[in-house]
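> This is the structure I want to talk about, given as structure tokens.
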Amino acid sequence: MRTELLPLASHDPAEPGVRQALQRAAGLIRAGGLVAFPTETVYGLGADALDAAATAAIFTAKARALNDPLIVHVDAPDLDALGARGVIGPLTARQRQRARRLIDAFWPGPLTLVLPRGARVPATVTAGGDSVAVRMPRHPIALALIAAAGTPIAAPSANRFGHVSPTTAAHVREDLDGRIDLILDGGPTDIGVESTVVDLREDASRLLRPGGAAREDIEAALGQPLLRPEARRVAASPGLLDKHYAPRAALRSAQDLDGLRAIVAEERARGQRVGALLNAHDLAALGDPAPAYCLGDTLEAVARGLYAGLRALDAAGVDVIIHRSITGPGLAEALADRLRRAAAR
Ligand code: TXA
Ligand code: MG
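For the numbering used here, count along the sequence shown from 1 and bump the result up by 365.
In structure tokens, the structure reads:
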């Protein structure tokens with residue numbers, strides 16, 4: 366059976382049609398169902414985070430490895446309430462202070478915090494570990510859904526495991542049609558790459574995944590540099606492994622137009638179909654790089670279009686996707702990370 370896709374006329378939860386859709390979705394969550402919903406980063410596949418069976422169903426729907434823990438989405442920036450509800454465990458003074466600083470600076474928003482696990486979070490959510498990842502998204506639909514459900518919502522990105530994350534409801538349907546109960550269609554997501562994940566459990570804070578919140582801003586709020594992920598954590602968090610955000614096509618990058626031209630010539634000489642993921646200026650300068658997906662000119666615009674572009678070029682059946690290499694701080698760190706993973710074989 367096809368999964369129903371409910372279009373939302375706006376992002377205003379008070380609007381009657383939107384409220385009705387949210388009530389339906391919240392009822393499904395409370396009943397142990399699976400609902401895909403928009404966040405400001407990517408679409409999430411949500412279930413009641415305190416329901417072991419419902420969260421186990423997320424893994425089945427996504428064909429996700431059971432050792433990859435889920436992010437718990439909450440609707441208030443309140444550490445004490447999260448503790449009282451058994452979402453997070455007791456915090457040390459240092460953990461509390463750093464969590465407080467980051468929550469004040471970033472929530473609601475694209476920052477996920479890894480903290481000690483609370484007693485009510487099922488082992489399915491934490492992949493059996495003693496930590497839990499929590500995030501308060503800033504998308505009004507996501508916040509209203511969590512509030513209406515009356516429970517925190519565990520949600521990974523709403524894609525098949527290993528695929529590129531979904532930034533539209535159509536992407537969700539491509540991957541999960543018939544496998545989940547409902548898709549709330551709130552249009553394309555605003556940021557386009559996943560949240561930044563920071564582990565606060567040790568004395569030093571650790572960046573587990575670069576994302577929508579910039580490392581430099583997090584370090585400024587903490588007054589402390591972020592450590593890199595460690596090998597043992599990477600193993601404990603397969604979302605951090607290479608080849609995770611992978612399209613079918615191979616990716617090749619160059620720093621300038623001459624480099625891109627050389628790749629096109631080389632790949633075509635080998636009989637490969639080349640697709641271009643570039644901005645309008647580069648596409649025009651390259652002449653005839655069809656099929657192509659046109660990215661915007663700013664880092665923000667590139668982030669917004671990146672996953673849609675990878676999906677579109679995969680669907681066009683190209684063998685190789687060419688793009689400009691991205692380096693630098695802020696959002697560039699997340700984009701470089703995703704492009705590197707998408708290129709991993
Ligand atoms: O922007 C986002 O974060 C999106 C939206 C839906 O919120 N969600 C998302 O979820 O990207 P997912 O499951 O695709 O990625 C979550 C990442 C994974 O790399 C996972 O391994 C890591 O967070 N993670 C979750 N819980 C963790 C934990 N307790 N310790 C370490 N890493 C954890
Ligand atoms: Mg994911």
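Note that the Cβ used here is the ideal one computed from N, Cα and C, for glycine as well.
(1) Work out the CA separation of A627 and A614 for me, nearest whole Å.
(2) Mapping the DSSP letters down to three states, classify A681 as helix, strand or coil.
(3) Using C-beta distances below 7 Å, list every residue in its chain close to A417, excluding the 5 sequence neighbours before and after it, in chain order.
(4) For A619, collect the residues of the same chain with a Cβ closer than 8 Å to its Cβ; drop the 5 residues on either side in sequence, then sort them by chain order.
(5) Using DSSP's beta-bridge definition, name the partner residues of P372.
(6) Just to confirm before moving on: does the CB-CB distance between V499 and V407 stay below 9 Å?
(7) Output the boundary residues of the beta strand (DSSP E) element that contains L478.
(8) CA-CA distance, L592 and W472?
(9) Distance check for G661 and R676, CA to CA, integer angstroms please.
(10) Specify whether the region 476-486 and the region 502-513 touch according to this definition: at least 3 beta carbon pairs, one from each stretch, less than 8 Å apart.
(11) If you count every other CB in all the chains shown that lies within 10 Å of the CB of Q385, and 16 or more means buried, which is it?
(12) The beta strand (DSSP E) spanning H438 covers which residue range?
(13) For H528 and A520, I'd like the C-alpha separation in whole angstroms.
(14) With distances taken between CB atoms, is the gap from A390 to A470 smaller than 9 Å?
(15) Measure the C-alpha to C-alpha separation of A630 and A534 and round it to an integer number of angstroms.
(16) Leaving out five residues before and five after R571 in sequence, what residues of the same chain have Cβ atoms less than 6 Å from its Cβ?
(17) Among residues of its own chain, excluding the 5 on either side of V562, which ones have a beta-carbon nearer than 6 Å to its beta-carbon?
(18) Report buried or exposed for E369, applying the criterion of at least 16 other Cβ atoms within 10 angstroms of its Cβ.
(19) How many angstroms separate the CA atom of A600 from the CA atom of R638?
(20) Would you tell me roughly how many angstroms separate the C-alpha atoms of I423 and P378, rounded to the nearest one?
(21) On the three-state DSSP scale, how would you describe D413?
(22) What residue range is occupied by the uninterrupted alpha helix (DSSP H) comprising A498?
So, to answer that:
(1) In this structure, the alpha-carbon of A614 lies about 18 Å from that of A627.
(2) Coil, per DSSP.
(3) Excluding positions up to five away in sequence, the list reads P487, T489.
(4) Same-chain partners within the cutoff: L625, A627, I628, I687, R689, S690.
(5) P372 pairs with D550.
(6) Result no, Cβ atoms of V499 and V407 do not sit closer than 9 Å.
(7) That run of the beta strand (DSSP E) goes 476-481.
(8) When rounded, the distance between both Cα atoms is 21 Å.
(9) Roughly 16 Å between the two C-alpha positions.
(10) The region 476-486, when compared against the region 502-513, does not touch it at the 8 Å Cβ threshold.
(11) With fewer than 16 other Cβ atoms from the protein chains shown falling within 10 Å of its own Cβ, Q385 counts as exposed.
(12) Under the DSSP assignment, H438 falls in the beta strand (DSSP E) whose first and last residues are 436-438.
(13) Distance between the alpha carbons of H528 and A520 is about 16 Å.
(14) For A390 and A470, no; Cβs fall outside 9 Å.
(15) Going from the Cα of A630 to the Cα of A534 covers about 36 Å.
(16) Result list for R571: D564, L592, in chain order.
(17) Result list for V562: T477, L573, R574, in chain order.
(18) Per the 10 Å Cβ criterion, exposed.
(19) Because A600 carries a pLDDT of 49, less than 50, the predicted location of this residue cannot be relied on, and no value is offered for it.
(20) So the two alpha carbons sit approximately 25 Å from each other.
(21) Residue state for D413 is assigned as strand, using DSSP reduced to three classes.
(22) DSSP places A498 in no alpha helix (DSSP H) but in the uninterrupted beta strand (DSSP E) bounded by 496-500.
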